[in-house]
Structure formats: structure tokens, C-alpha cells
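Residue numbers (my numbering): 427 to 658. Glycine included, every Cβ here is placed at the ideal spot set by N, Cα and C. Heads up: the structure comes next, in C-alpha cells.
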Amino acid sequence: MACSQLSRCSAAWRQSLARGASTFPAGADVVSLPDLPYEYSALEPYISAEIMELHHSKHHQAYVTNYNKALEQWAESESKQDAVSAPKISSALHFNGGGHLNHSIFWKNLCPAKDAQPCSGNLLDAIKRDFGSMQQLQTKLAADAAAVQGSGWGWLVCKRETGRLAIMTSPNQDTVAHVAPGFHPILGIDVWEHAYYLQYKNVRPDYLKAIWNVINWQDAAARYEEAQCQGK
Numbered sequence: 427m428a429c430s431q432l433s434r435c436s437a438a439w440r441q442s443l444a445r446g447a448s449t450f451p452a453g454a455d456v457v458s459l460p461d462l463p464y465e466y467s468a469l470e471p472y473i474s475a476e477i478m479e480l481h482h483s484k485h486h487q488a489y490v491t492n493y494n495k496a497l498e499q500w501a502e503s504e505s506k507q508d509a510v511s512a513p514k515i516s517s518a519l520h521f522n523g524g525g526h527l528n529h530s531i532f533w534k535n536l537c538p539a540k541d542a543q544p545c546s547g548n549l550l551d552a553i554k555r556d557f558g559s560m561q562q563l564q565t566k567l568a569a570d571a572a573a574v575q576g577s578g579w580g581w582l583v584c585k586r587e588t589g590r591l592a593i594m595t596s597p598n599q600d601t602v603a604h605v606a607p608g609f610h611p612i613l614g615i616d617v618w619e620h621a622y623y624l625q626y627k628n629v630r631p632d633y634l635k636a637i638w639n640v641i642n643w644q645d646a647a648a649r650y651e652e653a654q655c656q657g658k
């Protein structure tokens with residue numbers, strides 16, 4: 427290929443990369459399915475063992491597998507300066523990488539009901555400051571998550587610069603970083619149907635009411651402290 431043609435091809439590939447830019451760049455490490463810190467049955471009766479096993483070993487595993495596959499395709503696309511396939515591969519990295527990151531947070535945000543402790547300390551103070559009470563936070567987050575059209579997530583997030591809390595949603599497998607740079611995820615609730623349909627059918631609000639029984643507020647508090655440190 428002539429130098430001028432190669433130069434044009436390289437420029438086109440870089441432009442396609444920019445248009446389809448992902449949070450998960452080429453050269454990133456492959457990922458693996460994290461172990462759960464509890465048994466599949468540990469969240470019953472609020473989330474069934476059947477749901478947990480399918481959700482973790484099938485759905486999350488699929489995000490891991492497809493992300494790693496897209497990483498290989500990305501490297502090949504880059505080596506060939508393939509401007510046509512780059513946006514499609516970038517989209518796969520974005521979607522599957524987001525699915526992996528979101529679920530990795532979600533599993534740790536949950537714990538068996540017998541181990542769940544009330545929210546306390548700095549996070550509880552911030553919740554009261556920014557929402558009025560824990561009940562008001564739960565009501566608002568559940569309502570916003572229930573209103574997500576199609577699939578997505580409901581989030582309690584913290585603005586790193588100020589430490590203020592907010593509620594947001596993200597579509598599909600977009601992460602907090604995708605939709606709100608500068609915010610840190612504190613608590614995420616999966617409202618894809620695979621997270622609840624086998625048990626709660628099409629009544630998403632019932633799932634969103636039940637899930638508060640298995641929230642790991644200690645993990646959420648640790649994420650809040652992490653956000654505070656990053657903002658300094």
C-alpha cells in the first residue's frame with residue numbers, strides 16, 4: 427500500500443475510533459467473572475437462588491466472554507487499520523465492559539438479609555442532608571429505577587468534587603462514568619428483567635421494594651468514602 431493510502435487509512439481508523447470511543451480502550455486487560463461473596467441462595471427469599479445463579483453464571487459470564495472477545499477483535503482491527511469494523515467493536519467493548527463493571531459493583535452492593543446492617547456514619551449523614559431521610563432516598567431511587575424504559579440501572583451516586591449525593595439512571599449497560607463523568611457509584615440496582623423476572627414477573631416495583639432487605643450498606647459506605655478521597 428502506498429504511503430499516502432496508508433496514511434488515509436490510519437486517519438480513518440482513528441476517526442472511527444473517536445466516534446465509537448469506549449471507556450474500555452485497546453490494550454486493556456482481559457477480565458474474569460468475580461466470585462460472589464455469598465452463596466446463590468443467600469439472598470432468599472428476596473432474590474431467588476435460581477435468579478442469582480443465572481444472573482451471575484450466565485448473564486455476567488456472557489459480558490465477560492464477549493468483552494474479552496471484543497478486545498481481541500480490537501487489536502486485530504487496529505493492526506489492519508480497519509476503519510469499517512472499529513465502531514462495531516468499540517460498541518461491543520462499551521456494552522460488555524459496562525455490563526461487567528456494573529455487575530461487579532452490584533454483587534458487592536448486596537448481602538444476605540441476616541448480615542445486613544443499617545446505614546450509618548458519614549453516608550447516612552449525607553443521605554439525610556441530600557434526601558431528608560433514608561425512606562425518602564429509597565422511595566426516590568425505587569421510583570426512578572421503576573421508570574427506566576426497557577433495561578438499565580438505578581444509581582445512588584456521589585459527585586466527587588462536592589461530596590453531594592444524587593440519584594440517576596443509566597440505560598442498558600452504560601456505567602456511571604459513561605453518563606455522568608465526575609460522579610462515583612455508591613449503590614447500583616439492576617433493573618434488567620433478568621435480575622427479577624423469574625420471581626417477580628413484570629412487577630418491577632415489587633422487586634425494587636424487596637431488594638432493600640439485602641442491601642450491603644457497609645459496601646456503599648466504603649464507596650462513599652472512596653469518592654470523598656478521590657475528590658480531594
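- In the structure shown, proline 538 adopts coil according to DSSP, grouped into three states.
- Taking the C-beta atoms as reference points, tyrosine 493 is found no nearer than 8 Å to histidine 529.
- Out of Ile515, Tyr622, Leu549, His520, the CA that lies nearest to the CA of isoleucine 637 is found in Tyr622.
- In this chain, threonine 565 is not harboured by any beta strand (DSSP E); it is covered by the alpha helix (DSSP H) spanning 560-572.
- The distance from the Cβ of alanine 552 to that of tyrosine 650 is about 7 Å, consistent with a contact at the 8 Å cut-off.
- Residue burial annotation: threonine 601 is buried, with at least 16 other C-beta atoms found within 10 angstroms of its C-beta.
- In this structure, the CA atom of alanine 518 is about 10 Å from the CA atom of tryptophan 500.
- The residue from Gly558, Leu613, Pro544 with its alpha-carbon nearest to that of alanine 571 is Leu613.
- Proximity to tryptophan 618 across Asn639, Gln575, Ala648, Glu502 peaks at Gln575, based on C-alpha coordinates.
- Look at the beta carbons and you see the segment 638-647 touching the segment 530-539: at least three pairs across the two are nearer than 8 Å.
- For proline 544, the CB contacts under 7 Å within the same chain, skipping 5 residues up- and downstream, are Trp643 in chain order.
- Between glycine 578 and asparagine 598, the C-beta spacing is below 8 Å.
- Bounds of the alpha helix (DSSP H) holding proline 631 are 630-636.
- For cysteine 584, no alpha helix (DSSP H) run applies; the uninterrupted beta strand (DSSP E) run containing it begins and ends at 578-585, by DSSP.
- For alanine 592, the secondary structure class from DSSP, reduced to helix, strand or coil, is strand.
- In the structure shown, proline 597 adopts extended strand secondary structure according to DSSP, grouped into three states.
- In the structure shown, glycine 523 falls within a helical segment according to DSSP collapsed to helix, strand and coil.
- Non-local C-beta neighbours of alanine 646 in its own chain, meaning closer than 8 Å and more than five positions away in sequence, comprise Asn535, Cys545, Leu549, Leu582, Ile612, Leu613, ordered along the chain.
- Beta-bridge partners assigned by DSSP to aspartate 616: Trp579.
- Annotated three-state conformation of isoleucine 641 is strand, per DSSP.
- Counting the other Cβ atoms within 10 Å of the Cβ of alanine 568 gives 16 or more, which makes it buried.
- Rounded to the nearest whole angstrom, the C-alpha separation of glycine 525 and glutamate 470 is 24 Å.
- With fewer than 16 neighbouring CB atoms inside 10 Å of its own CB, arginine 555 falls in the exposed class.
- Of the residues Gln654, Gly558, His620, the one whose Cα lies closest to the Cα of leucine 480 is His620.
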